[in-house]
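Only one structure is covered here, and it is reproduced in the block below.
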Amino acid sequence: MRTDTQGNGEGHAPEARSRWFGLWDGYFAVSYTVTTVLLFNTGGDPLRRALAIAALTLLIPWYAALGRGLMLHSGADRTAGPRHITFVAGLFLLFATATACAIGGSFALFAVVPMVMMALPTAPAVATASLANLTPPAVVLLTGGDWRAALPLSLLGIALSVLLGLWITEVVRQSRERGKLIVELHRSREQLAAMSRQAGIAAERERLAREIHDTLAQGLTSIITLVQAAEAELANQPELAARHLALTGRVARESLAEARDFVADRTPPALRESSLARAIRRQADALSEQARMTVRCTVQGAERLVPMPVAVVLLRSAQESLANVRKHAEGARTVTVALAYEPYTVRLTVTDDGAGFAADRDHAGYGLRGMRTRAEEIDGHATADSRPGRGTTITITVPADPGAEDEPADER
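For the sequence shown, the numbering used here assigns the number 2 to the initial residue and increments by one for each residue that follows.
Below is the structure:
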(Lines of atoms letter the chains of each structure in order from A; the text may use other names.)
(Lines give C-alpha, C1' and ligand atoms only; values in the text may rest on other atoms or scores of the structure.)
Protein backbone atom coordinates (compact mmCIF):
# COMPACT_ATOMS: atom_id res chain seq x y z
CA MET A 2 0.00 0.00 0.00
CA ARG A 3 1.43 3.37 -0.94
CA THR A 4 2.23 5.94 1.70
CA ASP A 5 3.09 8.85 -0.56
CA THR A 6 -0.53 9.85 -1.15
CA GLN A 7 -2.40 12.55 0.69
CA GLY A 8 -1.79 12.63 4.38
CA ASN A 9 -5.53 12.75 5.13
CA GLY A 10 -5.98 9.13 4.08
CA GLU A 11 -7.97 9.78 0.89
CA GLY A 12 -5.47 7.71 -1.07
CA HIS A 13 -5.97 4.76 1.28
CA ALA A 14 -9.76 4.70 1.65
CA PRO A 15 -10.41 3.65 -2.00
CA GLU A 16 -7.67 1.04 -1.74
CA ALA A 17 -9.22 -0.29 1.44
CA ARG A 18 -12.65 -0.43 -0.24
CA SER A 19 -11.23 -2.03 -3.39
CA ARG A 20 -10.59 -5.22 -1.42
CA TRP A 21 -14.30 -5.82 -1.07
CA PHE A 22 -15.42 -4.06 -4.26
CA GLY A 23 -14.85 -7.24 -6.23
CA LEU A 24 -17.66 -8.80 -4.19
CA TRP A 25 -19.92 -5.96 -5.27
CA ASP A 26 -19.06 -6.65 -8.92
CA GLY A 27 -20.12 -10.25 -8.40
CA TYR A 28 -23.35 -9.14 -6.70
CA PHE A 29 -24.10 -6.80 -9.60
CA ALA A 30 -23.58 -9.64 -12.10
CA VAL A 31 -25.85 -11.97 -10.10
CA SER A 32 -28.58 -9.29 -9.88
CA TYR A 33 -28.46 -8.72 -13.63
CA THR A 34 -28.55 -12.45 -14.38
CA VAL A 35 -31.48 -13.14 -12.03
CA THR A 36 -33.51 -10.21 -13.41
CA THR A 37 -32.81 -11.20 -17.00
CA VAL A 38 -33.79 -14.84 -16.40
CA LEU A 39 -36.97 -13.64 -14.69
CA LEU A 40 -37.86 -11.51 -17.72
CA PHE A 41 -37.24 -14.43 -20.07
CA ASN A 42 -39.63 -16.63 -18.09
CA THR A 43 -42.48 -14.16 -17.64
CA GLY A 44 -45.38 -13.73 -20.02
CA GLY A 45 -46.30 -10.63 -21.93
CA ASP A 46 -45.30 -8.96 -25.14
CA PRO A 47 -41.97 -10.47 -26.32
CA LEU A 48 -40.92 -7.13 -27.86
CA ARG A 49 -41.44 -5.30 -24.59
CA ARG A 50 -39.54 -7.98 -22.74
CA ALA A 51 -36.71 -7.71 -25.27
CA LEU A 52 -36.62 -3.94 -24.80
CA ALA A 53 -36.51 -4.39 -21.01
CA ILE A 54 -33.61 -6.86 -21.29
CA ALA A 55 -31.80 -4.49 -23.68
CA ALA A 56 -32.19 -1.60 -21.22
CA LEU A 57 -30.85 -3.77 -18.39
CA THR A 58 -27.98 -4.96 -20.56
CA LEU A 59 -26.99 -1.34 -21.25
CA LEU A 60 -26.54 -0.95 -17.48
CA ILE A 61 -23.41 -3.09 -17.70
CA PRO A 62 -21.28 -0.85 -19.98
CA TRP A 63 -22.76 2.25 -18.31
CA TYR A 64 -21.62 0.97 -14.93
CA ALA A 65 -18.24 -0.23 -16.17
CA ALA A 66 -17.39 2.94 -18.11
CA LEU A 67 -18.60 5.59 -15.68
CA GLY A 68 -20.11 4.31 -12.45
CA ARG A 69 -17.51 1.89 -11.10
CA GLY A 70 -14.69 4.43 -11.01
CA LEU A 71 -16.92 7.02 -9.35
CA MET A 72 -18.05 4.63 -6.64
CA LEU A 73 -14.63 3.15 -6.05
CA HIS A 74 -12.88 6.49 -5.58
CA SER A 75 -15.61 8.52 -3.91
CA GLY A 76 -14.82 9.51 -0.33
CA ALA A 77 -17.03 9.91 2.72
CA ASP A 78 -17.86 13.43 1.55
CA ARG A 79 -19.36 12.18 -1.74
CA THR A 80 -20.30 15.13 -3.95
CA ALA A 81 -23.03 15.42 -6.57
CA GLY A 82 -20.67 16.44 -9.34
CA PRO A 83 -21.53 16.46 -13.06
CA ARG A 84 -20.21 12.94 -13.62
CA HIS A 85 -22.09 11.60 -10.59
CA ILE A 86 -25.35 13.22 -11.69
CA THR A 87 -24.85 11.97 -15.26
CA PHE A 88 -24.22 8.42 -14.11
CA VAL A 89 -27.22 8.36 -11.73
CA ALA A 90 -29.50 9.99 -14.34
CA GLY A 91 -28.53 7.38 -16.96
CA LEU A 92 -28.88 4.62 -14.37
CA PHE A 93 -32.36 5.78 -13.41
CA LEU A 94 -33.42 6.23 -17.03
CA LEU A 95 -32.35 2.70 -18.04
CA PHE A 96 -34.01 1.20 -14.95
CA ALA A 97 -37.25 3.14 -15.55
CA THR A 98 -37.24 2.04 -19.19
CA ALA A 99 -36.79 -1.62 -18.27
CA THR A 100 -39.55 -1.39 -15.64
CA ALA A 101 -41.92 0.43 -18.03
CA CYS A 102 -41.40 -2.23 -20.70
CA ALA A 103 -41.81 -5.16 -18.26
CA ILE A 104 -42.64 -4.94 -14.58
CA GLY A 105 -40.24 -7.79 -13.90
CA GLY A 106 -37.41 -5.35 -14.63
CA SER A 107 -38.12 -3.77 -11.24
CA PHE A 108 -36.04 -6.54 -9.67
CA ALA A 109 -33.03 -4.54 -10.88
CA LEU A 110 -33.66 -2.33 -7.83
CA PHE A 111 -31.46 -4.74 -5.89
CA ALA A 112 -28.50 -3.47 -7.95
CA VAL A 113 -29.65 0.07 -8.80
CA VAL A 114 -30.25 1.31 -5.25
CA PRO A 115 -26.77 0.37 -3.89
CA MET A 116 -25.14 2.07 -6.92
CA VAL A 117 -27.12 5.24 -6.27
CA MET A 118 -26.13 5.15 -2.62
CA MET A 119 -22.44 4.80 -3.45
CA ALA A 120 -22.44 7.46 -6.17
CA LEU A 121 -24.25 10.36 -4.43
CA PRO A 122 -24.21 12.05 -1.02
CA THR A 123 -26.61 10.53 1.49
CA ALA A 124 -29.53 12.97 1.18
CA PRO A 125 -29.84 13.05 -2.65
CA ALA A 126 -29.02 9.33 -2.78
CA VAL A 127 -31.95 8.51 -0.46
CA ALA A 128 -34.25 10.78 -2.49
CA THR A 129 -33.23 9.17 -5.78
CA ALA A 130 -33.50 5.65 -4.34
CA SER A 131 -36.97 6.46 -3.01
CA LEU A 132 -38.00 7.70 -6.46
CA ALA A 133 -36.66 4.47 -7.98
CA ASN A 134 -38.68 2.42 -5.48
CA LEU A 135 -41.83 4.36 -6.40
CA THR A 136 -41.30 3.70 -10.12
CA PRO A 137 -42.84 0.17 -10.16
CA PRO A 138 -46.18 1.22 -8.53
CA ALA A 139 -46.25 4.26 -10.82
CA VAL A 140 -45.88 1.98 -13.87
CA VAL A 141 -48.61 -0.31 -12.53
CA LEU A 142 -50.86 2.69 -11.97
CA LEU A 143 -50.26 4.03 -15.50
CA THR A 144 -50.95 0.63 -17.06
CA GLY A 145 -54.22 0.28 -15.13
CA GLY A 146 -53.04 -2.35 -12.68
CA ASP A 147 -53.59 -2.58 -8.92
CA TRP A 148 -50.90 -0.18 -7.72
CA ARG A 149 -51.99 -0.61 -4.09
CA ALA A 150 -50.52 -4.14 -4.02
CA ALA A 151 -47.16 -2.85 -5.17
CA LEU A 152 -47.08 0.18 -2.85
CA PRO A 153 -46.21 -1.71 0.39
CA LEU A 154 -43.23 -3.31 -1.32
CA SER A 155 -42.11 0.10 -2.55
CA LEU A 156 -42.38 1.61 0.92
CA LEU A 157 -40.37 -1.29 2.31
CA GLY A 158 -37.83 -0.69 -0.42
CA ILE A 159 -37.59 2.97 0.56
CA ALA A 160 -36.97 2.02 4.19
CA LEU A 161 -34.31 -0.47 3.15
CA SER A 162 -32.77 2.17 0.89
CA VAL A 163 -32.44 4.57 3.82
CA LEU A 164 -30.82 1.88 5.96
CA LEU A 165 -28.55 0.88 3.09
CA GLY A 166 -27.52 4.49 2.56
CA LEU A 167 -26.64 4.92 6.22
CA TRP A 168 -24.72 1.63 6.23
CA ILE A 169 -22.72 2.53 3.12
CA THR A 170 -21.94 5.96 4.57
CA GLU A 171 -20.66 4.33 7.75
CA VAL A 172 -18.56 1.83 5.80
CA VAL A 173 -16.97 4.62 3.75
CA ARG A 174 -16.35 6.66 6.91
CA GLN A 175 -14.62 3.74 8.56
CA SER A 176 -12.58 3.14 5.42
CA ARG A 177 -11.52 6.77 5.45
CA GLU A 178 -10.51 6.59 9.11
CA ARG A 179 -8.72 3.33 8.48
CA GLY A 180 -6.81 5.04 5.68
CA LYS A 181 -5.78 7.82 8.06
CA LEU A 182 -4.64 5.28 10.64
CA ILE A 183 -2.61 3.45 8.01
CA VAL A 184 -0.93 6.71 6.99
CA GLU A 185 -0.14 7.51 10.63
CA LEU A 186 1.13 3.99 11.18
CA HIS A 187 3.50 4.25 8.24
CA ARG A 188 4.69 7.65 9.42
CA SER A 189 5.27 6.29 12.91
CA ARG A 190 7.19 3.35 11.50
CA GLU A 191 9.34 5.65 9.38
CA GLN A 192 10.01 7.90 12.37
CA LEU A 193 10.82 4.90 14.54
CA ALA A 194 13.17 3.54 11.88
CA ALA A 195 14.88 6.94 11.61
CA MET A 196 15.21 7.17 15.39
CA SER A 197 16.60 3.63 15.52
CA ARG A 198 19.17 4.50 12.85
CA GLN A 199 20.16 7.64 14.74
CA ALA A 200 20.36 5.71 18.01
CA GLY A 201 22.54 3.09 16.32
CA ILE A 202 24.83 5.77 14.89
CA ALA A 203 25.08 7.49 18.27
CA ALA A 204 25.81 4.20 20.04
CA GLU A 205 28.53 3.32 17.54
CA ARG A 206 30.06 6.77 17.88
CA GLU A 207 30.01 6.39 21.65
CA ARG A 208 31.66 2.99 21.37
CA LEU A 209 34.39 4.30 19.09
CA ALA A 210 34.90 7.32 21.33
CA ARG A 211 35.35 5.08 24.38
CA GLU A 212 37.71 2.76 22.54
CA ILE A 213 39.79 5.63 21.20
CA HIS A 214 39.91 7.25 24.63
CA ASP A 215 40.85 4.02 26.41
CA THR A 216 43.39 2.79 23.85
CA LEU A 217 44.77 5.25 21.32
CA ALA A 218 44.54 8.35 23.49
CA GLN A 219 46.10 6.63 26.50
CA GLY A 220 48.77 5.07 24.32
CA LEU A 221 49.66 8.39 22.70
CA THR A 222 49.82 10.03 26.12
CA SER A 223 52.23 7.35 27.30
CA ILE A 224 54.33 7.73 24.17
CA ILE A 225 54.59 11.48 24.61
CA THR A 226 55.56 11.08 28.28
CA LEU A 227 58.20 8.45 27.49
CA VAL A 228 59.67 10.47 24.62
CA GLN A 229 59.92 13.57 26.81
CA ALA A 230 61.61 11.53 29.52
CA ALA A 231 64.04 10.06 26.99
CA GLU A 232 64.90 13.53 25.65
CA ALA A 233 65.62 14.78 29.17
CA GLU A 234 67.84 11.76 29.97
CA LEU A 235 69.53 11.39 26.60
CA ALA A 236 72.63 13.43 27.51
CA ASN A 237 73.25 12.31 31.10
CA GLN A 238 71.58 8.91 31.30
CA PRO A 239 71.64 7.35 27.81
CA GLU A 240 70.90 3.85 29.12
CA LEU A 241 67.74 5.05 30.88
CA ALA A 242 66.77 7.05 27.78
CA ALA A 243 67.22 3.93 25.65
CA ARG A 244 64.98 1.97 28.02
CA HIS A 245 62.30 4.66 27.75
CA LEU A 246 62.56 4.59 23.95
CA ALA A 247 62.15 0.81 24.03
CA LEU A 248 59.05 1.24 26.15
CA THR A 249 57.83 3.83 23.63
CA GLY A 250 58.11 1.29 20.82
CA ARG A 251 56.28 -1.35 22.82
CA VAL A 252 53.46 1.03 23.73
CA ALA A 253 53.17 2.11 20.09
CA ARG A 254 52.91 -1.49 18.90
CA GLU A 255 50.31 -2.32 21.55
CA SER A 256 48.28 0.78 20.66
CA LEU A 257 48.38 -0.13 16.97
CA ALA A 258 47.15 -3.64 17.74
CA GLU A 259 44.37 -2.24 19.93
CA ALA A 260 43.33 0.17 17.16
CA ARG A 261 43.10 -2.60 14.59
CA ASP A 262 41.06 -4.80 16.89
CA PHE A 263 38.54 -2.23 18.09
CA VAL A 264 37.92 -1.10 14.48
CA ALA A 265 37.22 -4.76 13.65
CA ASP A 266 35.22 -5.05 16.92
CA ARG A 267 37.28 -8.05 18.01
CA THR A 268 38.57 -9.19 21.37
CA PRO A 269 41.35 -6.93 22.73
CA PRO A 270 44.78 -8.48 22.11
CA ALA A 271 45.58 -8.45 25.85
CA LEU A 272 42.60 -10.74 26.52
CA ARG A 273 43.05 -12.83 23.42
CA GLU A 274 46.58 -13.72 24.47
CA SER A 275 46.12 -14.15 28.22
CA SER A 276 43.65 -14.15 31.12
CA LEU A 277 41.96 -11.13 32.67
CA ALA A 278 44.13 -11.15 35.78
CA ARG A 279 47.32 -11.36 33.76
CA ALA A 280 46.19 -8.60 31.39
CA ILE A 281 45.44 -6.27 34.31
CA ARG A 282 48.78 -7.15 35.94
CA ARG A 283 50.53 -6.13 32.70
CA GLN A 284 48.77 -2.76 32.81
CA ALA A 285 49.96 -2.29 36.38
CA ASP A 286 53.53 -3.23 35.45
CA ALA A 287 53.43 -0.78 32.53
CA LEU A 288 52.44 2.09 34.86
CA SER A 289 55.23 1.12 37.25
CA GLU A 290 57.77 1.22 34.43
CA GLN A 291 56.54 4.42 32.83
CA ALA A 292 55.76 6.57 35.88
CA ARG A 293 58.24 5.18 38.44
CA MET A 294 55.47 4.39 40.89
CA THR A 295 55.07 1.42 43.20
CA VAL A 296 52.16 -0.52 41.79
CA ARG A 297 50.84 -3.56 43.63
CA CYS A 298 48.47 -5.92 41.85
CA THR A 299 46.60 -8.57 43.81
CA VAL A 300 43.99 -11.17 42.99
CA GLN A 301 41.48 -12.12 45.68
CA GLY A 302 39.40 -15.26 45.58
CA ALA A 303 39.69 -18.22 43.24
CA GLU A 304 40.38 -17.08 39.71
CA ARG A 305 37.91 -18.31 37.14
CA LEU A 306 36.91 -17.71 33.57
CA VAL A 307 34.40 -14.87 33.09
CA PRO A 308 32.29 -13.84 30.07
CA MET A 309 34.25 -11.84 27.52
CA PRO A 310 32.06 -8.66 27.86
CA VAL A 311 32.86 -8.68 31.61
CA ALA A 312 36.57 -9.12 30.95
CA VAL A 313 36.60 -6.26 28.42
CA VAL A 314 34.82 -3.88 30.80
CA LEU A 315 37.23 -4.66 33.66
CA LEU A 316 40.32 -4.39 31.45
CA ARG A 317 39.26 -1.07 29.93
CA SER A 318 38.36 0.25 33.39
CA ALA A 319 41.79 -0.76 34.69
CA GLN A 320 43.47 0.98 31.75
CA GLU A 321 41.46 4.17 32.28
CA SER A 322 41.96 4.18 36.06
CA LEU A 323 45.73 3.72 35.78
CA ALA A 324 45.94 6.37 33.06
CA ASN A 325 44.07 8.79 35.34
CA VAL A 326 46.54 8.06 38.12
CA ARG A 327 49.44 8.96 35.82
CA LYS A 328 47.76 12.14 34.52
CA HIS A 329 45.80 13.48 37.48
CA ALA A 330 46.95 11.94 40.77
CA GLU A 331 49.47 14.56 41.81
CA GLY A 332 52.06 13.29 44.28
CA ALA A 333 50.97 9.67 43.97
CA ARG A 334 53.71 7.19 44.81
CA THR A 335 51.80 3.98 45.49
CA VAL A 336 48.96 2.41 43.54
CA THR A 337 47.05 -0.71 44.51
CA VAL A 338 45.11 -2.72 41.97
CA ALA A 339 42.87 -5.45 43.40
CA LEU A 340 40.86 -7.90 41.35
CA ALA A 341 38.34 -9.76 43.54
CA TYR A 342 36.48 -12.84 42.34
CA GLU A 343 33.25 -13.10 44.34
CA PRO A 344 30.53 -15.76 44.01
CA TYR A 345 28.41 -13.89 41.45
CA THR A 346 30.40 -10.73 40.74
CA VAL A 347 33.91 -9.57 39.95
CA ARG A 348 35.17 -6.35 41.52
CA LEU A 349 38.09 -4.21 40.38
CA THR A 350 39.50 -1.62 42.80
CA VAL A 351 42.21 0.89 41.91
CA THR A 352 43.51 3.01 44.80
CA ASP A 353 46.22 5.70 44.75
CA ASP A 354 47.74 7.89 47.46
CA GLY A 355 47.70 11.06 45.38
CA ALA A 356 46.26 14.50 46.17
CA GLY A 357 42.67 13.45 45.62
CA PHE A 358 39.84 15.97 45.20
CA ALA A 359 36.82 17.30 47.04
CA ALA A 360 33.80 14.98 47.15
CA ASP A 361 31.46 17.72 45.96
CA ARG A 362 33.64 18.57 43.01
CA ASP A 363 32.42 17.65 39.55
CA HIS A 364 34.87 14.88 38.75
CA ALA A 365 32.71 13.04 36.21
CA GLY A 366 35.09 13.49 33.30
CA TYR A 367 34.85 11.48 30.11
CA GLY A 368 37.00 8.67 31.52
CA LEU A 369 34.79 8.05 34.55
CA ARG A 370 31.64 8.48 32.47
CA GLY A 371 33.00 5.91 30.06
CA MET A 372 33.71 3.44 32.88
CA ARG A 373 30.21 3.93 34.27
CA THR A 374 28.66 3.47 30.83
CA ARG A 375 30.63 0.31 30.15
CA ALA A 376 29.68 -1.16 33.54
CA GLU A 377 25.99 -0.25 33.20
CA GLU A 378 25.83 -1.92 29.78
CA ILE A 379 26.39 -5.28 31.51
CA ASP A 380 24.32 -4.39 34.63
CA GLY A 381 27.32 -3.37 36.72
CA HIS A 382 28.31 -0.08 38.33
CA ALA A 383 31.38 2.11 38.82
CA THR A 384 32.07 4.51 41.70
CA ALA A 385 34.77 7.05 42.57
CA ASP A 386 35.64 7.89 46.17
CA SER A 387 38.12 10.69 46.83
CA ARG A 388 39.06 13.28 49.45
CA PRO A 389 41.67 16.06 49.36
CA GLY A 390 44.95 14.63 50.58
CA ARG A 391 43.49 11.14 50.99
CA GLY A 392 43.90 9.77 47.50
CA THR A 393 41.30 8.27 45.16
CA THR A 394 39.62 4.87 44.92
CA ILE A 395 37.85 3.67 41.77
CA THR A 396 35.62 0.60 42.16
CA ILE A 397 33.98 -1.30 39.31
CA THR A 398 31.65 -4.16 40.19
CA VAL A 399 30.12 -6.30 37.45
CA PRO A 400 28.04 -9.50 37.51
CA ALA A 401 29.83 -12.67 36.48
CA ASP A 402 27.89 -15.93 36.56
CA PRO A 403 30.30 -18.76 37.43
CA GLY A 404 28.61 -20.93 34.79
CA ALA A 405 29.43 -18.52 31.91
CA GLU A 406 32.91 -18.96 30.48
CA ASP A 407 33.94 -16.82 27.53
CA GLU A 408 37.33 -15.53 28.64
CA PRO A 409 40.23 -17.43 27.04
CA ALA A 410 41.79 -19.99 29.32
CA ASP A 411 45.45 -19.26 29.83
CA GLU A 412 47.81 -20.49 32.49
CA ARG A 413 49.31 -17.65 34.47
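From the three backbone atoms N, C-alpha and C, an ideal C-beta is built for every residue, glycine too. Fair warning: this is a prediction, and the values are worked out from it, not measured in the lab.
When Gly302, Ala287, Ser275, Arg198 are compared, the shortest CA-CA separation from Val296 is found for Ala287. By the C-beta criterion, the region 124–136 is judged not to be in contact with the region 54–72, since fewer than 3 inter-stretch pairs fall below 8 Å. The criterion of a C-beta distance shorter than 8 Å is satisfied by Ile379 and Pro310. For Leu39, the closest of Ala109, Leu94, Leu369 by C-alpha to C-alpha distance is Ala109. By the Cβ rule, the region 332–348 does not count as touching the region 231–251, because fewer than three pairs are nearer than 8 Å.
The Cβ-Cβ distance between Phe88 and Val113 does not fall below 8 Å. Just measuring C-alpha positions, the residue of Ala99, Val35, Ile397, Ser223 sitting nearest Glu255 is Ser223. Secondary structure note for Ala385: its beta strand (DSSP E) is the uninterrupted segment 382–387. Runs of the alpha helix (DSSP H) spanning 4 or more residues and lying entirely within the region 42–94 occur at 47–63, 69–74, in chain order.
Note: Gln301 is bridge-paired with Ala341 in the DSSP secondary-structure output.
Less than 8 Å separates the beta-carbon of Ala356 from that of Glu331.
The Cβ-Cβ distance between Leu277 and Leu315 falls below 8 Å. Shown here for Val228: same chain residues with a beta carbon closer than 7 Å to its own, the five before and five after excluded, namely Thr249 in chain order. Contact annotation, Ala285 with Leu323: C-beta distance approximately 7 Å; criterion of less than 8 Å satisfied. Closest option to Ser155, judged by alpha-carbon separation, among Ser131, Gly82, His187, Ala271: Ser131. Under the three-state reduction of DSSP output, Ile225 falls in the helix class. When the five nearest sequence neighbours on each side are left out, the beta carbons in the same chain lying within less than 7 Å of the beta carbon of Gly392 are those of Thr352, Asp353, Asp354, Gly355, Gly357, in order along the chain. Pairing Gly68 with Leu92 gives a Cβ-Cβ distance under 8 Å.
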